[in-house]
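Numbering (my numbering), first residue to last: 629 to 911.
And the structure:
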């Protein structure tokens, strides 16, 4: 990754993290991006499970993120609690709190279900066909501004490749392309400055991409998602994460969208979002 991050820890209190300008979302300059809110939930859950030295024994099979308040560009604190501590199933609830002067307000609530890793069953189970796109080279250098297809869009917070052409593109420039969409995505930023970004944290951020991938119309993105649910059978093993439109449906201003998620070895899970109609497009 490049030397950029979405958050920095407070020098005097490491439990407090501050969003950088890279964490801004597309809807409002004072609002954090949904993808980093997903990352915050996983950041908290991983730290909690690691504290009891069991993180390598379990797979995060489901990550749910409910975004029910305006995520202002304010300092944050992550609170966690283990609500189920079984041998095969552990559940960690995560509360992302906005710290504004003397007020502490919950802006995001998340939950991560961890399942004990064992062995696959012996029977044969039907699975849908997977895409057959070749993953990008792991040695592919990061793009610079001169290579972008949208001049003036500086410091993209992720990189996107078209699986069919292998060329870099931006989804909001694909409004004329009708039908299911596909992309390879690679993170360009560390999540927290000077801290390693885990594979689970990377795919949690990509999970938010289900909103634009499934809900982009011929005139732009007109739905803002209020949640993300990510299902995984395993974590990605490659930096590049593939996404593929799975479903879109909408009625009376409410949308549901979902996408398949891949790594270099095949499909690893899916993510789903619910959204509200917005008047502002992403163009």
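Where a beta carbon is used, it is the ideal one built from N, C-alpha and C, also for glycine. Note that the structure is predicted; figures quoted are calculated from it, not measured.
Beta-bridge partners of residue i, as assigned by DSSP
i: residue 825; result: Residue 825 pairs with nothing; no bridge assigned.
i: residue 905; result: 851
i: residue 766; result: None; residue 766 has no bridge partner.
i: residue 705; result: 644 and 725
i: residue 633; result: 818
i: residue 659; result: 700
i: residue 683; result: Answer by DSSP bridge pairing: none, since residue 683 is not bridged.
i: residue 856; result: 693
i: residue 794; result: Its beta-bridge partners do not exist; DSSP assigns none.
i: residue 894; result: 891
i: residue 812; result: 789 and 870
Span of the beta strand (DSSP E), counted from its first residue to its last, around residue i
i: residue 888; result: 882-891
i: residue 737; result: 731-744
i: residue 879; result: 869-879
i: residue 728; result: 717-728
Where the alpha helix (DSSP H) through residue i begins and ends
i: residue 665; result: 662-678
i: residue 841; result: 838-843
Close Cβ partners of residue i (< 6 Å) along its chain, the five nearest in sequence each way excluded
i: residue 910; result: Bear in mind that the predicted position of residue 910 carries a pLDDT of just 44, short of 50, making it unreliable; the figure below should be weighed with that in mind. The answer, listed in chain order, is 654, 800, 848 and 849.
i: residue 734; result: 723 and 725
i: residue 694; result: 737 and 855
i: residue 703; result: 644, 646 and 727
i: residue 721; result: 709, 711 and 739
i: residue 833; result: 663, 666 and 667
i: residue 652; result: none
i: residue 790; result: 797
DSSP state of residue i mapped onto helix, strand, coil
i: residue 861; result: coil
i: residue 775; result: Confidence at residue 775 is low in this model, with a pLDDT of 48, below 50, so its placement is unreliable and no value can be given for it.
i: residue 834; result: helix
i: residue 899; result: strand
i: residue 820; result: strand
i: residue 785; result: coil
i: residue 638; result: coil
i: residue 694; result: strand
i: residue 913; result: Nothing about residue 913 can be read from this structure; the chain reaches only from 629 to 911.
i: residue 713; result: strand
Nonlocal neighbours in the same chain, by C-beta distance under 7 Å from residue i, ignoring five residues either side
i: residue 897; result: 858, 859, 860, 861 and 889
i: residue 786; result: 813, 814, 815 and 816
i: residue 683; result: 674 and 677
Within-8 Å CB hit, residue i to chain D
i: residue 714; result: No chain D appears in this structure, which consists of one protein chain only.
Cutoff 8 Å; reference residue i; Cβ partners in own chain excluding five residues on either side
i: residue 776; result: Residue placement at residue 776 cannot be trusted, given a pLDDT of 47 that sits under 50; what the coordinates show is reported in the next sentence. Only 784, 796 and 798 meet the Cβ criterion.
* At a cut of 8 Å, does the region 823-842 reach the region 895-909 through at least three beta carbon pairs? -> Of all C-beta pairs linking the region 823-842 to the region 895-909, three or more are shorter than 8 Å, placing the two stretches in contact.
* To do: Report yes or no: do the region 863-881 and the region 738-757 share at least 3 C-beta pairs separated by less than 8 Å?
  => no
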